[in-house]
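Everything on this sheet refers to the single structure shown next.
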Amino acid sequence: MTRLVHDQFAKQYFSEVLNLLGEVEISKEITSEVRQIDIFFIPGPDAAAKAEQIGVLGRLAANGAAGFEVFRNAVEKK
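Counted the way this note's numbering counts, the sequence shown spans residues 3 to 80.
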C-alpha cells in the first residue's frame, strides 16, 4: 500500500522505465515474514541490449531479478 505521494511517484517512474527491459511488479510480497518491497523486477531476454539507454538504473536491472526500495531522504554526512 502506498501512503505517500513521493512513494507513488517513484513506483510509477521505476515501473515505466523498467518496463522497457522486462517485467515489473509493484509492492511485491516477499517470503519469510510478510513484507513488501517497492519494486520487483525480472529482466526480459533483450534487457542487456536496452539497458545502456536507461543509464545506472538499466545497468542495475539488466543483471538479473532485482528488488528496489525507494527512499526520498538524502543520506546524511556524519
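Beta carbons: idealized from backbone N, C-alpha and C, even for Gly.
Exercise. What span of residues does the beta strand (DSSP E) with Glu81 cover, start to end?
Worked result: Since the displayed the chain opens at 3 and closes at 80, residue 81 lies outside it and no answer follows.
Problem set entry | Residue closest to Leu20, alpha-carbon to alpha-carbon, out of Ile44, Glu71 and Ala51 | The shortest Cα separation from Leu20 among Ile44, Glu71 and Ala51 belongs to Ile44.
Problem set entry | 6 Å CB neighbourhood of Lys52 in its chain, flanking five on each side removed | Counting only Cβ-Cβ distances below 6 Å, and skipping sequence neighbours, we find Leu22 and Leu23.
Exercise. My guess is that Ile41 and Gly69 are in contact by the Cβ rule of under 8 Å, so how many angstroms apart are they, rounded?
Worked result: Contact holds; Cβ gap of about 7 Å.
Problem set entry | Buried or exposed by the 16-neighbour rule on C-beta atoms within 10 Å, applied to Phe73 | The residue in question, Phe73, is exposed, as its Cβ has fewer than 16 Cβ neighbours within 10 Å.
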